[in-house]
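Letter by letter, the sequence shown follows residues 403 to 548 in the numbering used here.
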Amino acid sequence: MNEAAKTYWESYWGDKEPPASVSAWMFGDTPDELAQLVIDQKKTATCSAHILYELENEPLPTTEDYSVILNSKEEPVAIIKTVNVEIVPMNEVTEEFALAEGEGTYEEWKAAHVRFFKQELKEVHRSYSEDMLLVCERFTLIDVKK
403 MNEAAKTYWE SYWGDKEPPA SVSAWMFGDT PDELAQLVID QKKTATCSAH ILYELENEPL
463 PTTEDYSVIL NSKEEPVAII KTVNVEIVPM NEVTEEFALA EGEGTYEEWK AAHVRFFKQE
523 LKEVHRSYSE DMLLVCERFT LIDVKK
């Protein structure tokens, strides 16, 4: 977590006992647009490739997790809390979940995610498949940085 995110996190929690699990990150290939959708409460879900957690030895998200959302300049803009996590094959993601990602229709969501995952997996020498496992998270907006 960078210093700006850490300062924002600490100032938000103040004297209260902070949760144990917090990270700072930015969304996909359009972090500013996606962060704004979170702030506008149009985006309440996100997904990532399950295999990347395995390759990077990263723990899967849990409902105990808080995240400081960063913009493309790595500045903190909001805090979210994960409220649900499911492992779902890409070709079984529901339209309702896709719409909760706030990025348009199901077809627009699928096209954008196929493109994104193909590129992301290519970078780690893996191939995209329609039934690849996704980590599908739902979250709630906790705070917007003033």
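For glycine and all other residues, C-beta sits at the position ideal for the given N, C-alpha and C. Keep in mind the model is a prediction, meaning the values are calculated, not measured.
Taking the beta carbon of residue i as the centre, do at least 16 other beta carbons fall within 10 Å, making it buried, or is it exposed?
i      : result
Ile489 : exposed
Lys548 : exposed
Ala513 : exposed
Pro478 : buried
Ile471 : buried
Lys445 : buried
Ile544 : exposed
His515 : buried
Ala355 : Here the chain covers residues 403 to 548 and nothing more, so residue 355 does not appear.
Leu457 : exposed
In whole angstroms, give me the CA-to-CA distance for residue i and residue j.
i      : j      : result
Met524 : Leu454 : Contrary to the premise, residue 524 reads as Lys rather than Met in this sequence. The alpha-carbon atoms of Lys524 and Leu454 are separated by roughly 12 Å.
Asn493 : Ala451 : 13 Å
Ser413 : Asn473 : 19 Å
Tyr468 : Thr507 : 27 Å
Val485 : Cys538 : 11 Å
Phe518 : Tyr530 : 10 Å
Val487 : Gln438 : 22 Å
Glu476 : Thr542 : 21 Å
Glu532 : Met403 : 33 Å
Ile441 : Val526 : 31 Å
Determine which residues share a DSSP beta bridge with residue i and list them.
i      : result
Phe541 : Thr484
Thr448 : Glu539
Ser469 : Ser425, Ile482
Val490 : Leu536
>> Whether or not the segment 499–511 and the segment 459–476 are in contact is what I'm after, with contact meaning three or more pairs of Cβ atoms, one per stretch, closer than 8 Å; do they touch?
In response: no
> Where in the segment 492–546 do unbroken runs of the alpha helix (DSSP H), each at least 4 residues long, occur, reported from the N-terminal end onward?
Replying inline: 497–502, 508–525
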